[in-house]
Ligand code: ADP
């Protein structure tokens, strides 16, 4: 029977139980405590161990074995460990350097070191890689505690140890020997819980580091966004502003020499550039209002087919004037099974905001189809499977349903074109603020990259979804919008 297998006498068993309960509480504290309070947790842990071992000095250190080869003559049991100090978790009545210096002198197993001034030390190693937290303690029979898995173990962490250094001052040799025996009995019994506290501390530190990195990255992201915003906005503002300034300066300087028609042309150009400036500023304001939740949606029953018809009519006139015969527009209504329909169900929505979405999608279809071609809008009822909100019912076929995924009746709008399509890696990003796919065409087409952001926010305000796909065989792109059909129409 080894010492640690021996049945404990009653007072000692109670003492151990108390320490185990304390250590369990410390493990919890390590996981939840504020980062700045972690030192207090490791100091409390050291105090528990010191009291248990009746030691007057001590340290808890995190260290790593150096992979230094042993010579044949060196006995694995007595060869000195080449310890690389990683950090100190807690110290009591001992200097950090002194603790590390002592460790360099320790052989591989738990050993008593007797120094000339009758100060005795014991060092206890806890391998931090193989112990299951809450496991049975000494599983390998060496008296060493098994290790603790600390999160994802990286290569650098291999061979990491927690080292307990405990010391007694001015004790007689006999007393020292009995204290060491006590330690050798008790430490394996509390090794796992000690490891769990250390694991908790290390994990908490990792969480703190990750949080700090996330905050830093999001701040960097915001900085990037700000400079992107300034870059895009000032670039977009500059060209109409230059026009306004240029024409106005020419008018002022050469007013008398310019004919009536020339003056009129200059004023038209100034007017057009001012309109562009106004649009840019309105878009910026709109995005900011949509993003800061300042926009509420007044809903009314909307015939989306009619709304699409009106939007097509408006853009058709404008496009036909600019590019005669180059674009063909069509509207198709379908039933849920894909067969043609005469009408689609009404939805409860804000017609002005939905018209804005339609205008943006149709304008983009024209802008990004340089060769012209056909632009089709299709409307059809569909069933969308949505994650069910806890307990919240959804309406399908007029009936309420609940579950993990619940079917929801939606009206789907699809605007497809035969243009250049969208590179796959940009498909989701085009809905981000100021995101434009950098092509010759986009460089030639003035735009802020805000149209789709506005569409997305408006659709989301209607509790719907929007996404883009490429049509097969490079035949252009398709934008899908799904809006709920399950709201009662009577208002
Ligand atoms: P803008 O048109 O002002 O650039 P949008 O937010 O409306 O801003 O569009 C963002 C980007 O998405 C466009 O710059 C373009 O690269 C891409 N895009 C939008 N619609 C289409 C389309 N129908 N076909 C190809 N690319 C498109």
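In our numbering, the protein residues as written are 3 to 493.
Think of the CB as a built atom: it goes at the ideal place given N, C-alpha and C, for glycine as much as any other residue.
Nothing here was measured: the structure is a model prediction, and the numbers come from that model.
Asked                                                                                                                                                                 : Found
Should the segment 329 to 349 be called in touch with the segment 380 to 388, which here means at least 3 C-beta pairs below 8 Å?                                     : yes
Give the single residue among 178, 418, 465 whose Cα lies nearest to the Cα of residue 301.                                                                           : 465
I believe residue 374 touches residue 325 by the beta-carbon criterion, under 8 Å. Please report the beta-carbon distance rounded to the nearest angstrom.            : 6 Å
At a cut-off of 7 Å, would you count residue 380 as near ligand 1, judging by its Cβ distance to the nearest heavy atom?                                              : no
Tell me whether residue 298 is buried or exposed, calling it buried when 16 or more other Cβ atoms sit within 10 Å of its Cβ.                                         : exposed
Contact defined as beta carbons within less than 8 Å: I believe residue 195 pairs with residue 22. What is the distance between those atoms, to the nearest angstrom? : 6 Å
Beta-carbon separation of residue 63 and residue 43 under 8 Å?                                                                                                        : no
How would you label residue 484, buried or exposed, when you count the other beta carbons within 10 angstroms and need 16 or more for buried?                         : buried
Just to confirm the assignment, what range does the beta strand (DSSP E) spanning residue 417 have?                                                                   : 407 to 418
Does the beta-carbon of residue 362 have 16 or more other beta-carbons within 10 angstroms, so that it is buried, or is it exposed?                                   : buried
If I measure Cβ to Cβ from residue 249 and keep anything under 6 Å in the same chain, skipping five residues before and after, which residues do I get?               : 268, 271, 272
Given residue 312, which residues of its chain have a CB within under 8 Å of its CB, disregarding the five upstream and five downstream residues?                     : 357
For residue 249, which of helix, strand or coil comes out of DSSP?                                                                                                    : helix
What do you reckon, are the CB atoms on residue 1 and residue 292 nearer than 8 Å?                                                                                    : Because the chain spans 3 through 493 in this model, residue 1 falls outside it and cannot be assessed.
Are the CB atoms of residue 37 and residue 60 nearer to each other than 8 Å?                                                                                          : no
To test your reading of the DSSP string, which unbroken alpha helix (DSSP H) runs of 4 or more residues are found completely within the segment 421 to 464?           : 442 to 446, 453 to 463
Determine which residues share a DSSP beta bridge with residue 90 and list them.                                                                                      : 63
Is the beta carbon of residue 444 within less than 7 Å of some heavy atom of ligand 2?                                                                                : Ligands displayed in this structure: ligand 1; ligand 2 is not among them.
For the structure I just gave you, are there three or more beta carbon pairs, one from the segment 197 to 207 and one from the segment 232 to 240, closer than 8 Å?   : no
Verify whether the separation of the beta carbon atoms of residue 200 and residue 130 is less than 8 Å.                                                               : yes
With burial defined as no fewer than 16 other Cβ atoms inside 10 Å of the residue's Cβ, what is the status of residue 421: buried or exposed?                         : buried
If residue 289 sits next to residue 456, beta carbons under 8 Å apart, how far is it from one beta carbon to the other, in whole angstroms?                           : 6 Å
On the DSSP bridge assignment, give the partners of residue 127 in chain order.                                                                                       : 165
Run the CB neighbour count on residue 152, radius 10 Å, all protein chains shown included, and call it buried at 16 or more, exposed below.                           : Here residue 152 scores only 30 on pLDDT, less than 50, and its place in the model should not be relied on; the value that follows carries that caveat. Flag for residue 152 reads buried.
Tell me which residues share the same chain as residue 321 and place their Cβ nearer than 7 Å to its Cβ, disregarding the 5 neighbours each side in the sequence.     : 329, 368
Going by the DSSP bridge assignment, what does residue 258 pair with across the sheet?                                                                                : Note: residue 258 sits in no beta bridge, so no partner.
Whose C-beta lies closer than 8 Å to the C-beta of residue 33 among residues of the same chain, with five residues either side of it excluded?                        : 202, 205, 206
Sorted by chain position, which residues of the same chain lie with C-beta nearer than 8 Å to residue 276's C-beta, five sequence neighbours on each side aside?      : 242, 246
Using the three-state DSSP reduction, which class does residue 56 fall into: helix, strand or coil?                                                                   : coil
Where does the unbroken alpha helix (DSSP H) through residue 321 begin, and where does it stop?                                                                       : 306 to 324
Are residue 50 and residue 25 close, meaning C-beta to C-beta below 8 Å?                                                                                              : yes
What's the call for residue 39, buried or exposed, on a 16-neighbour Cβ count within 10 Å?                                                                            : exposed
Just how far apart, CA to CA, sit residue 423 and residue 295?                                                                                                        : 32 Å
Along the chain, where does the beta strand (DSSP E) that runs through residue 102 open and close?                                                                    : Unbroken run through residue 102 is the alpha helix (DSSP H), 98 to 106; no beta strand (DSSP E).
Look up residue 150 in the DSSP assignment and say whether it is helix, strand or coil.                                                                               : Confidence is the limiting factor: at residue 150 the pLDDT is only 31, short of 50, which leaves the residue's position unreliable, though a coordinate-based value still follows. Of the three classes helix, strand and coil, the one that applies to residue 150 here is coil, per DSSP.
Measure from the alpha carbon of residue 284 to the alpha carbon of each residue in 450, 445, 255, then state which is nearest.                                       : 450
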